[in-house]
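For the sequence shown, my numbering assigns the number -17 to the initial residue and increments by one for each residue that follows. Glycine is no exception: its CB is placed at the ideal position from the N, C-alpha and C atoms. A short write-up of the structure that comes next.
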Amino acid sequence: KEQGITIDVAHIYFSTKTKSYIIADTPGHIEYTRNMVTGASTSQASIILVDARKGVIEQTYRHFFINNLLRVKDVIVAVNKMDLVDFSEEKYEAIKKDFEALITKSDYKEQNITFIPVSALQGDNVVDKSENTPWYNGQTLLEHLEELDAQDVYEKAQVRFPIQTVIRPKKDEFHDFRGYAGKLYGGDISIGDEVTILPSLTTSKVKEIYFFDQKFDTAGRGSSCTITLEDDVNVSRGDMIVKSSEKPRVEKQLVATICWMDSKGLVPGTNYFIQSGSSRILAKVKSINGTVATDFSGEDVSKNSLSLNEIGKVQIQLSKPLAIDSYSKNKASGSFILIDSQTNNTSGVGFIE
């Protein structure tokens, strides 16, 4: 606080007539890369603050890299402290040009980038249009946020339903009831849909869908619900129900980009637990294929270890098959955390290729 540096991820809550917002204020310094990843991991949009006096700096590169890595679709570049450069259109356009050059290095072409000149001190272009920027004809920051299609981050993904628990009531009237409870990530699922249980590849059809004690015909993405199947099949916590026409990969080996969050470094041959959804599997890091620079300058393939806050490419061997997608297709089944098998600490977070 004394140095004016954000360390932890702070959450700020506010609402308008149409939406409720949670802002995760994350640090930008390299030693807090893991905090940035934490803040961006569940975000539907991102605001990157650029100091109008300093322009695009290393910290800007890092923020944009994390948003690119985590596939945050809507990014707002707020050029702040415009009052300290006399609301100069020339300065704003120069920063915009520099950032547009940075965009060309991104591999996420579906990302929407919006530039807004602001002065947070007096609220210029934050909520109301500023008289100090007559040359700017775009929306204010809040106006733009209000118009964003802030659908759930799993909106366009395929159906993935990790089983959290199997419900078997002990009451005689529900003697034959067997329900599978979890959260639906992506798409929707309806009574009669043909489904496959992974990793066993057993097939069945959806018989009933419950929200608490109420029956429904369909469950939409983001729903926490209970599903029953027409067949008496062997399903347990950690398994996944998917539509038979939308099966993910089932693998015992994966390649991922890892953000390392542990003071104890990552070296090949180390055993960890992989937590993906409700599934926890013992795994071994086979190899580290170098570190990735957060300023888009490339990869250092000479490194075969990862230190705190470093990002790298790794190969992981699993002790048993796991249902996975690439992170670009499904954020839920395309990501995982690595857990230290001795301390039970979260050591890293991974994004599957």
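Assess, as a yes-or-no matter, whether the stretch 236 to 254 is touched by the stretch 280 to 300 under the definition of 3 or more beta carbon pairs within less than 8 Å.
Short answer: they touch.
Using three-state DSSP, classify L123 as helix, strand or coil.
Helix.
So, helix, strand or coil for Y43, using DSSP?
Here Y43 sits in helix by DSSP.
Do L290 and D244 have their C-beta atoms closer together than 8 Å?
Cβ distance < 8 Å, so L290 and D244 count as in contact.
Please state the DSSP three-state secondary structure of G(-14).
Because G(-14) sits at a pLDDT of 46, beneath the cut-off of 50, its placement in the model cannot be relied upon, and the point is left open.
Rounded to whole angstroms, what is the Cα-Cα separation between N107 and M64?
Distance between the alpha carbons of N107 and M64 is about 10 Å.
Mind checking K55: buried by the 16 CB within 10 Å criterion, or exposed?
With 16 or more Cβ atoms within 10 Å of its Cβ, K55 is classed as buried.
How far does the alpha helix (DSSP H) with F81 in it extend, from its first residue to its last?
Element bounds for F81: 71 to 85.
Measure the alpha-carbon distance for L31 versus E335 and round it to whole angstroms.
Rounded to whole angstroms, L31 to E335 spans 29 Å at the Cα level.
Apart from the five residues just before and just after S336, which ones in its own chain have a Cβ nearer than 7 Å to its Cβ?
Only positions -17 to 335 of the chain appear in the structure, and residue 336 is not among them; the question remains open.
Compare the C-alpha of Q324 against each of E72, I85, Y254 and name the closest.
Checked all of E72, I85, Y254; the closest Cα to Q324 is Y254.
How big is the Cα-Cα spacing for I(-13) and V109?
Its pLDDT being 44, under 50, I(-13) is placed unreliably by the model, and the measurement read from it follows with that caveat. Each residue's Cα considered, the two are about 25 Å apart.
Count the other CB atoms, across all protein chains shown, that sit within 10 Å of the CB of N326; report buried if there are 16 or more and exposed otherwise.
The residue in question, N326, is exposed, as its Cβ has fewer than 16 Cβ neighbours within 10 Å.
Taking Cβ to Cβ, would you say R44 is nearer than 8 Å to T15?
It is a contact, given that the beta carbons lie within the stated cut-off.
Determine the burial state of S2: buried for a count of at least 16 other Cβ atoms within 10 Å of its Cβ, exposed for fewer.
Counting Cβ neighbours within 10 Å, S2 comes out exposed, since fewer than 16 surround it.
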